[in-house]
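FYI, numbering that gives the first Met the number 0 numbers position 29 of the sequence shown as 28, with every residue one higher than the one before it. All C-beta atoms in this analysis are idealised placements derived from N, C-alpha and C, irrespective of residue type, glycine included. Treat the numbers as computed from the prediction; the structure is a model and nothing was measured.
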Amino acid sequence: MKHIDLDSISSYGRSAKTIAQTLLKDFADAGEVEKELRNLNLYPGLENLSHPDSTIFLGESEKDLTDSGKKAVIEGRVVWEHTAAGEATRLDKGPKFFLEPRHLADYLKNRGKTPPPDLYPLNLGRRHLAQLIYEIRFLAWEAGLDPEFVLSRQNLLVVASEEAMPRIFPAVIRDLKKLLPLENIWFMTQPAFHGLDKTAEGWDYDLKSPKRLHNHGFVIMQKTMDKQVFYMTGEGTINYFSRQEFFRELEEFQDLVSYNIEDLDYLTSALDFESIGLAMEMRDRDYGMMMEVLPNNPVRPVRGGLYAHDPGLEKDVVVESFRLKDYRPEDIKYLNKNFNHYLEPAKIFQKIKEEGLYMPLAVKDGFVYFQPVQGD
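Right, here's the structure in full:
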């Protein structure tokens with residue numbers, strides 16, 4: 000597959016179109032592409048995948064990973080990425096950041112169930128951030144340190160869609176401006192792209208098609224582009240990091256933790272010190288990425304991102320569900336949870352800048368869209 004030019008959003012868009020023109024040149028339209036999606040996205044060597052060999056079970060380490068994780072947080076060696084770009088499409092409620100308990104109440108009522116009484120109107124995004132701040136403050140208090148000092152060492156990166164950022168940006172600033180230094184609160188706006196359609200000249204963007212996000216893998220690649228991450232100064236102006244400046248900022252950190260906003264576990268336990276401690280250990284062993292995985296339910300197995308060993312690559316991999324073709328759910332032993340650690344983030348994002356990610360396809364509303372995933 001052609002190398003993706005990650006200099007800018009525009010160069011990425013041009014690269015994506017070129018990939019489509021090459022990959023889909025023999026297809027007449029998006030309808031034909033949709034019929035062949037399972038083959039087009041197929042993971043090579045799928046039949047050779049075996050049991051993973053890099054699995055580490057939390058709780059079984061001989062080292063005290065929890066203390067190591069707490070130390071990393073206290074010393075400000077972790078970037079907290081808060082991904083809020085996704086849409087609550089199945090609930091038809093817009094950006095997930097703004098979901099409130101009343102939406103759950105409506106959902107239950109519509110299914111003849113009784114919702115809990117007295118639900119507090121705090122949306123999902125603010126609730127998650129509040130939990131994160133609360134736990135960092137408690138950690139500082141527990142360690143006998145000034146909570147304001149420990150919070151001053153923390154860096155947060157909030158990723159939101161073009162639609163949601165105008166509302167999310169002021170909400171986050173309002174909530175956190177007295178808790179974190181403004182220059183430590185970073186933002187990145189994930190753009191949406193028109194769908195691709197076949198024209199007389201080949202595949203091109205149809206400006207009348209719906210604009211859609213290119214999945215969470217694009218967010219990883221976007222961080223390597225110039226002037227994508229920004230922050231607000233004390234004077235109220237917006238400053239964008241150049242690529243070089245952002246990479247220099249990342250050199251100060253040993254782990255970038257990417258939270259998926261809709262995982263309700265983080266609303267009661269935002270800091271997993273054991274996994275952060277394990278990330279510090281894996282970093283010392285030259286791993287670039289660590290992902291949390293869960294065992295599939297053998298009684299009622301589900302189809303999801305497969306964690307397995309690829310003998311051709313001689314490493315463990317995560318394969319997204321739409322690349323599995325006829326792979327049976329009961330053969331999926333481990334599923335990825337989309338909770339990711341990027342170890343030495345400046346180094347791994349430089350590698351992504353050079354190599355890009357795989358670009359699988361999706362067909363929606365009669366148009367072709369790319370759907371790269373961060374598991375790759």
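- Here Leu270 carries a coil assignment [DSSP, helix/strand/coil].
- A residue is called buried when at least 16 other Cβ atoms come within 10 angstroms of its Cβ; Gly143 does not meet this threshold and is exposed.
- The closest CA to that of Pro43, considering only Lys226, Val317, Asp271, Leu277, is found on Val317.
- Leu181 and Thr232 have their C-alpha atoms roughly 6 Å apart.
- Excluding residues up to 5 positions away in sequence, Tyr306, Ala307, His308, Asp315, Tyr333 lie with their Cβ nearer than 7 Å to the Cβ of Pro51 in the same chain.
- Secondary structure within the segment 38 to 91: the alpha helix (DSSP H) runs of 4 or more consecutive residues, fully enclosed, are 64 to 73 (chain order).
- For Pro146, the enclosing alpha helix (DSSP H) begins and ends at 146 to 151.
- A straight line joining the alpha-carbon of Thr82 with that of Gly30 spans about 32 Å.
- Assignment of Met288 by DSSP, reduced to helix, strand and coil, places it in the strand class.
- Shown here for Asn183: same chain residues with a beta carbon closer than 6 Å to its own, the five before and five after excluded, namely Asn154 in chain order.
- When Asn339, Ile219, Lys336 are compared, the shortest CA-CA separation from Lys350 is found for Ile219.
- Only exposed fits Gln243, as fewer than 16 other CB atoms lie within 10 angstroms of its CB.
- As DSSP reads the structure, Trp185 sits in a beta bridge with Leu156.
- Beta-bridge annotation (DSSP): Asn122 is not paired with any residue.
- Secondary structure note for Gly12: its alpha helix (DSSP H) is the uninterrupted segment 8 to 22.
- Using a C-beta cut-off of 8 Å, the segment 353 to 372 makes contact with the segment 205 to 220, since at least three inter-stretch Cβ pairs fall below that distance.
- As DSSP reads the structure, Phe252 sits in no beta bridge.
- If you draw a 10 Å sphere on the C-beta of Leu263, you find fewer than 16 other C-beta atoms in it, and that means exposed.
- Judged by DSSP secondary structure, Gly30 falls outside any beta strand (DSSP E) and instead within the alpha helix (DSSP H) spanning 29 to 34.
- Nearest C-alpha to Pro165 among Tyr357, Val301, Asp325, Pro94: Pro94.
- From the listed residues Met224, Arg302, Thr17, His2, the smallest Cα separation to Tyr204 is found for Thr17.
- Take Val32, set aside five residues on each side of it, and the residues of its chain with a beta-carbon closer than 8 Å to its own are Leu23, Phe26, Leu39, Leu360, Val362, Val367, in chain order.
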